[in-house]
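Visitor: Residue numbers for the sequence shown follow my numbering, so the first one is -7 and each next one is one higher. Cβ atoms here follow ideal geometry from the backbone N, Cα and C, with glycine treated the same way.
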Amino acid sequence: MSLSACLRPPERAPAYRGGSACCGPAPLPPRCRCRYPVPCGVSVPPRLPKPGAGTCVGVPVRVVQARALLAVPVPVPACLPRWRGGKAPVRLPVRVPVQVPVRCGCRCGAPPAGTAVTLAAGPDRVERSGAVRCDRAGHRCPRSSHPSGGRPPPGARGSRPAGTSPRGSIPLARPPSLPGPGPGPCPGPGGGAAPGAGHGGGGGRRRCGGGGGGGPARPGRGAELGGRRPGMARMNVALQELGHAMPDYKRATLQDDEGPEPAGDGSVSPDSVEVGFRKGPGPLLSRLASRSQLELVLCAVAVSLALLLGVAVVTLAIQYRRDPSHSMCLTDACVRVASKILEALDAETDPCQDFYQYSCGGWIKRNPLPNGRSKWSTFNSIWDQNQAIMKHLLENTTFNSSSEAERKTQRYYLSCLKEQRIEELGSQPLMELIDKIGGWNVTGSWNQSSFMEVLKMVSGTYRATPFFTVYVGADSKSSNSNIIQVDQSGLFLPSRDYYLNKTANERVLAAYLDYMVELGTLLGGAPEPTRLQMQQVLDFETQLANITVPQAEQRDDEKIYHKMSIAELQALAPAIDWLDYLSYALAPLELADTEPVVVYGDTYLQQVSDLINGTDRSVLNNYLIWNLVQKTASSLDQRFETAQERLLETLYGTRKSCTPRWQTCISNTDDTLGFALGSLFVKATFDRDSKAIAEEMISEIRAAFEVSLDQLDWMDEKTRQAAKEKADAIYDMIGFPDFILDNKELDDVYDGYEVSEDSFFQNMLNFYNFSAKVMADQLRKPPNRDQWSMTPQTVNAYYLPTKNGIVFPAGILQAPFYARNHPKALNFGGIGVVMGHELTHAFDDQGREYDKEGNLRPWWQNSSLEAFKNRTACMTEQYGRYTVHREKVNGRQTLGENIADNGGLKAAYNAYKSWLQKNGEEKRLPALGLTNHQLFFVGFAQVWCSVRTPESSHEGLVTDPHSPDKYRVIGTLSNSRDFVEHFGCPLGSPMNPGKHCESGLASPSTSAGTSGRQRGLWCLQLWVAVAEFI
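#1: In whole angstroms, give me the CA-to-CA distance for Thr656 and Glu990.
#2: I need the boundaries of the beta strand (DSSP E) containing Met782, first residue and last residue.
#3: Between the stretch 537 to 545 and the stretch 557 to 569, do at least 3 Cβ pairs fall closer than 8 Å?
#4: Using the DSSP secondary-structure output, state which residues sit across from Asn924 in a beta bridge.
#5: Since I believe Pro918 is in contact with Val327 (beta carbons under 8 Å), could you give me their beta-carbon distance rounded to a whole number of angstroms?
#6: With a Cβ-Cβ cutoff of 8 Å, do Leu949 and Glu889 count as a contact?
#7: Please list, in chain order, all residues of the same chain as Leu848 whose beta carbon is under 7 Å from its beta carbon, the five residues on each side excluded.
#8: When you compare only the Cα positions, how much space is there between Val961 and Ala577?
#9: What would DSSP say about Gly114, mapped onto helix, strand or coil?
#10: Using only CA atoms, which one of Val787, Phe371 and Ser751 lies nearest to Leu417?
#11: State the DSSP-derived secondary structure class of Gly727, mapped to helix, strand or coil.
#12: Return the residue from the list Lys910, Ala518 and Arg772 that minimises the CA-CA distance to Gly1024.
#13: Identify the continuous beta strand (DSSP E) that holds Lys555 and give its terminal residues.
#14: Can you look up Leu848 in the DSSP assignment and give me helix, strand or coil?
#15: With H, G and I counted as helix, E and B as strand and the rest as coil, what does DSSP make of Trp570?
#16: For His131, which residues in the same chain have their Cβ closer than 6 Å to its Cβ, ignoring the five residues on either side in sequence?
#17: Got a sec? Which residues, its chain only, sit under 7 Å from Arg631 by beta carbon, not counting five neighbours each side?
#18: What are the start and end residues of the alpha helix (DSSP H) that includes Asp531?
#19: Under the three-state reduction of DSSP, which class applies to Phe835: helix, strand or coil?
#20: Determine the DSSP secondary structure at Gln477, reduced to helix, strand or coil.
#21: Residue range of the beta strand (DSSP E) that Thr461 falls in?
#22: By alpha-carbon positions, which one of His988, Lys987 and Phe975 ends up nearest to Asp346?
#23: Using three-state DSSP, classify Ser451 as helix, strand or coil.
#24: What span of residues does the beta strand (DSSP E) with Val590 cover, start to end?
#25: Compute the beta-carbon to beta-carbon distance between Phe759 and Tyr745, rounded to the nearest angstrom, for a pair I have assumed lies under 8 Å.
#26: Near Gly670, which residues of its chain fall below 7 Å by C-beta distance, leaving aside the five closest residues on each side in sequence?
#27: Tell me whether the stretch 898 to 918 and the stretch 689 to 697 touch, counting them as touching only if at least three CB pairs, one residue from each stretch, are closer than 8 Å.
#28: In terms of residues, what are the limits of the alpha helix (DSSP H) holding Pro801?
#29: Quick check: what's the CA-CA separation for Lys400 versus Asp724?
#30: Check whether the stretch 617 to 627 and the stretch 586 to 598 are in contact - that is, three or more C-beta pairs closer than 8 Å.
#31: Figure out for me which residue from Ile804, Ala503, Glu415 and Cys321 has the closest Cα to the Cα of Tyr644.
#32: Rounding to the nearest angstrom, what Cα-Cα distance links Ser748 and Ser407 in this structure?
#33: Below 8 Å between beta carbons: does that hold for Pro953 and Cys321?
#34: What residue from Ile804, Gly452, Arg812 and Arg358 has the CA that sits closest to Ala827's CA?
#35: How would you write the range of the beta strand (DSSP E) that Lys367 sits in, first residue to last?
#36: Looking at the unbroken beta strand (DSSP E) that takes in Ser938, where does it start and where does it end?
Below is the structure:
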């Protein structure tokens, strides 16, 4: 693969994905073309109008004569073996002139240590004649001096064996075999037609502006690492689950003009430095004879000191060379990841001033926000790659699975792709459904006496969530049994703030009303009456928003947990016939009014009951049917999608773009038959060894975390012992649940769900009915500890308090979070911090309320609890000072995730240090100039590189329990004394403000002392000073 002339400046160039197509309108001039195989994703400057320098692949490019050649600075080991013929010490790729310092001389004339051996390469071959200079005078080894009989040694030729990596050279990266879809415009028609789809994989109708939100996180129980589904898909969360999901707060989840550098460790070539003593007018003895006795004594002392220092320097140099930490990793994988890290860095920024900009400034320049997206991050990039893999699997013309569940998955996906059929049906499927329920006052007649019947069908059958949400899950205070649970719900916009802060959200509210009216008219309503009635629905939603409990106040599970019977619930909220409703929703189970129910927020349900009783029945009917309409509209024709896009543009700041239909259908299929799709994904992509490696890393991080518990002087012994037992009992689930690889078990999970290739809308309705039955089936069964609430292909992770379990899907076990051939510093800084994050959730402000069995009970001693609250109050205040577009972060709402970020970083770093003690230092990455300890922190930061619209940033501030990505980096690292030490940040700098907030569970850092490298440099400087004095 050669790149002839097609690249734009790095800040504007898209990722180069192979091939020879021109990537942009600014080609290189013919005389300056970089005739070099460029790795995927690397950008090259567009113009070098005269001989000079630029950058390519993170290393210097120099224009030589009439073309650009690469002069690669090669970091070499401390000592190469003597060149004794046969195999050369360095193998060179074609067309790359490389200067290689040879530390131990070559056999020709026994040259001094440090003499450079130059292998010159032309454009097509490596020149071998006179290729070796063996001394400072420039004498060349004659051909006959080679022990091989005048022939140059192997490796001096212009080629090397396929698949080998030249030692002392920058290996060439190869493009991936299946790159993910880029953020650019949609492909044209064609592109691999799916069987039965009737169009190419990338053709057909495009969905524009379908982005929004963040990464592909999934709704449900616990706390996620970060990244959420984009746009309206996130609003339609209930559409895609096997039953109602527990609210999000119950699951903790997780976005130059320079020539060649000096070779080796920074020393320069003998050709450019004069080595020798200063010359005088006469012999040395005659000069000494003219000195006074005092001068001679001082000179002798100086010489003695110099000799002692010389011995010390030699000793340190030997240790320095023997230490593998000072050698470079030059494998293909190391060079490739070094290149990516270098591209993401902003070397102009002082890391002690703004470490996020330092780590991500280059990435942000090279990744402008794609059209149709409100956020673009590492999470989004990986999800796009995963989607491309799933598309390939589902559109395979030879697809012939023995699993019925997998065949259902393909049929569902293909039904979504049949756009012509969807367009032919138009709004008819939804209009027929509304008539079946009893009508809608907006579009025609309606049954005025059927409030409870409409509520049961809209909520119980089709899984919409007006007023409240009902689901079956583990009882927080008795985690070995399932129970009916009721929580607040009923708002379409992302947060109550959008309704209540009308001045700040005037544009959003106006766009939402227009969206409601447009959907109403598309279903048959007259414009003016529809607007009047939908305004009443919006006013009703505003009243609901006013009585909902703010998100920050929902973090205390002990406070909001209320267990009662159905009879007591009836007395609390009499506007709903609860026994009738729950018996319908959980049919065919038989319920009595003594059935226990857990209510989260009893005051809310009481006020909802009063609101229902005080509202006109026509408004209630319009509100109920509107919940069904907005839930199902995305499955209708293009008119409904276009209306949705206009709302998203205002709500999230997205710009219209062409999103291929297949991407929308992959997301829908993942939401509906996610584990069957996950079975295909795992079989095709997941390395089984990764599971064992991840389990080992978790054990190391868990051990480091428990060591930190011993160092907490504020925690009493009884609480400490209970905390250790809980950490030991944390149940980890990695990659995928085992049942997805067993066809019978997988088929049993989706048994009863009917899927047709001809009706996408009906497939969706069938899924709602199916998920309601699945939910009912769980009530009389004990919770399944191995049941996941994330599919394997999801790019996220989570902690579930009622199971005391942590889950890491296969989708996140890939670069940049993890790769088997990456340095351990990067893996611990990536997936290691993720693991530490989820583990720390077990002890954050919410997770600490659950014991090792997953039961909600007070197990902390009062003294330790008060000390914990005092320490986390510092963090609430710290993050509350951060602002995005002059809007403050909610330190209380984000407290749990901030604790997890800080504790996770500390646990992962301590685990990395323990790994180093057992295994020794690892090789460093080339060209970065970073120690492996610094690399750990850079790797952590670059996981969170992202760009986002102001509208999306606002939505995140009011809804997301995670801090903005920038402050997940800055806030966490400014609290880390380890970070401050390794980057040498002075006291009072932004990254070392002096006051470090502890996460509560993280022990204070201790200084690692001065490094051997620093001591060696000091000695070397002293030696130079003495030598100059002499």
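Guide: So, from the data block:
#1: Reading the sequence shown from its first residue, position 664 is the one you call residue 656. Reading the sequence shown from its first residue, position 998 is the one you call residue 990. Their backbone Cα atoms lie some 43 Å apart in a straight line.
#2: Taking the first residue of the sequence shown as position 1, residue 782 is located at position 790. Per DSSP, Met782 belongs to no beta strand (DSSP E) and is neither H nor E.
#3: no
#4: Against the sequence shown, residue 924 aligns to sequence position 932. Looking at the DSSP assignment, Asn924 forms no beta bridge with any residue, so it has no partner.
#5: As a working mapping, residue 327 is identified with position 335 in the sequence shown. As a working mapping, residue 918 is identified with position 926 in the sequence shown. The pair is a contact, with the Cβ atoms about 6 Å apart (cut-off 8 Å).
#6: As a working note, residue 949 is residue 957 in the sequence shown. As a working note, residue 889 is residue 897 in the sequence shown. Contact: no.
#7: Your numbering for residue 848 matches position 856 in the sequence shown. Here the set comprises Ser468, Lys469, Asp549, Glu550, Tyr553, Glu841 and Tyr842.
#8: Against the sequence shown, residue 961 aligns to sequence position 969. Against the sequence shown, residue 577 aligns to sequence position 585. Near 45 Å, if we compare the C-alpha coordinates of Ala577 and Val961.
#9: Here residue 114 is taken as the residue at index 122 of the sequence shown, counted from 1. Below a pLDDT of 50, predicted positions are generally treated as unreliable, and Gly114, at 33, falls in that range; the measurement from the model is reported next regardless. Of the three classes helix, strand and coil, the one that applies to Gly114 here is coil, per DSSP.
#10: Locating residue 417 in the sequence shown gives position 425, where the first residue counts as 1. Cα-wise, what sits closest to Leu417 is Ser751.
#11: Your numbering for residue 727 matches position 735 in the sequence shown. Strand at Gly727.
#12: There is no way to answer for residue 1024, as the model of the chain reaches only from -7 to 1022.
#13: Against the sequence shown, residue 555 aligns to sequence position 563. Segment Tyr553 to Ser557, the beta strand (DSSP E) holding Lys555.
#14: Taking the first residue of the sequence shown as 1, we reach residue 848 at position 856. Leu848 falls in the strand class under three-state DSSP.
#15: Locating residue 570 in the sequence shown gives position 578, where the first residue counts as 1. Three-state DSSP puts Trp570 in a helix.
#16: Numbered from 1 along the sequence shown, position 139 holds the residue referred to as residue 131. The pLDDT assigned to His131 is 35, lower than 50, so where the model puts this residue is not dependable; a value taken from the coordinates is nonetheless given after this. So no residue of the chain qualifies.
#17: Looking up residue 631 in the sequence shown gives position 639. If we look at Arg631 and ignore the five residues flanking it on each side, its Cβ neighbours are Leu514.
#18: Counting from one through the sequence shown, the residue named residue 531 turns up at place 539. Its alpha helix (DSSP H) spans residues Pro519 to Ile539.
#19: The count along the sequence shown starts at 1 and reaches residue 835 at position 843. Phe835 falls in the coil class under three-state DSSP.
#20: For the purposes of this step, residue 477 is taken as residue 485 along the sequence shown, with counting starting at 1. DSSP places Gln477 in strand when its eight states are reduced to three.
#21: Within the sequence shown, the letter at position 469 stands for residue 461. Its beta strand (DSSP E) spans residues Phe460 to Asp467.
#22: By 1-based counting over the sequence shown, the position of residue 346 is 354. When only C-alpha atoms are compared, the closest one is Phe975.
#23: Counted from its first residue, the sequence shown places residue 451 at position 459. If DSSP states are grouped into helix, strand and coil, Ser451 belongs with the helices.
#24: Residue numbering aside, residue 590 sits at position 598 when the sequence shown is read from its first letter. Segment Pro588 to Tyr592, the beta strand (DSSP E) holding Val590.
#25: Against the sequence shown, residue 759 aligns to sequence position 767. Against the sequence shown, residue 745 aligns to sequence position 753. Their Cβ separation, rounded to whole angstroms, is 6 Å, which keeps Phe759 and Tyr745 in contact under 8 Å.
#26: On the sequence shown, residue 670 is found 678 positions in, with the first residue counted as 1. Contacts found: Phe728, Ile732, Thr783, Pro784 and Gln785.
#27: yes
#28: As a working note, residue 801 is residue 809 in the sequence shown. Where Pro801 is concerned, there is no enclosing alpha helix (DSSP H), although the beta strand (DSSP E) it sits in stretches over Gly797 to Pro801.
#29: Here residue 400 refers to the residue found at position 408 when the sequence shown is read from its first residue. Here residue 724 refers to the residue found at position 732 when the sequence shown is read from its first residue. Going from the Cα of Lys400 to the Cα of Asp724 covers about 30 Å.
#30: no
#31: What you label residue 644 is simply residue 652 of the sequence shown in a count that begins at 1. Out of Ile804, Ala503, Glu415 and Cys321, Ala503 has the C-alpha closest to the C-alpha of Tyr644.
#32: As a working mapping, residue 748 is identified with position 756 in the sequence shown. As a working mapping, residue 407 is identified with position 415 in the sequence shown. Approximately 7 Å between the Cα atoms of the pair.
#33: For the purposes of this step, residue 953 is identified with residue 961 of the sequence shown, where counting begins at 1. For the purposes of this step, residue 321 is identified with residue 329 of the sequence shown, where counting begins at 1. For Pro953 and Cys321, no; Cβs fall outside 8 Å.
#34: Counting from one through the sequence shown, the residue named residue 827 turns up at place 835. Checking the displayed sequence, the identity of residue 827 turns out to be Met instead of Ala. For the residues Ile804, Gly452, Arg812 and Arg358, the minimum Cα distance to Met827 belongs to Ile804.
#35: As a working mapping, residue 367 is identified with position 375 in the sequence shown. Element bounds for Lys367: Lys367 to Ser369.
#36: As a first step, residue 938 is located in the sequence shown; it is residue number 946 there, counting from the start. Run containing Ser938: Ser938 to Arg940, per the beta strand (DSSP E) assignment.
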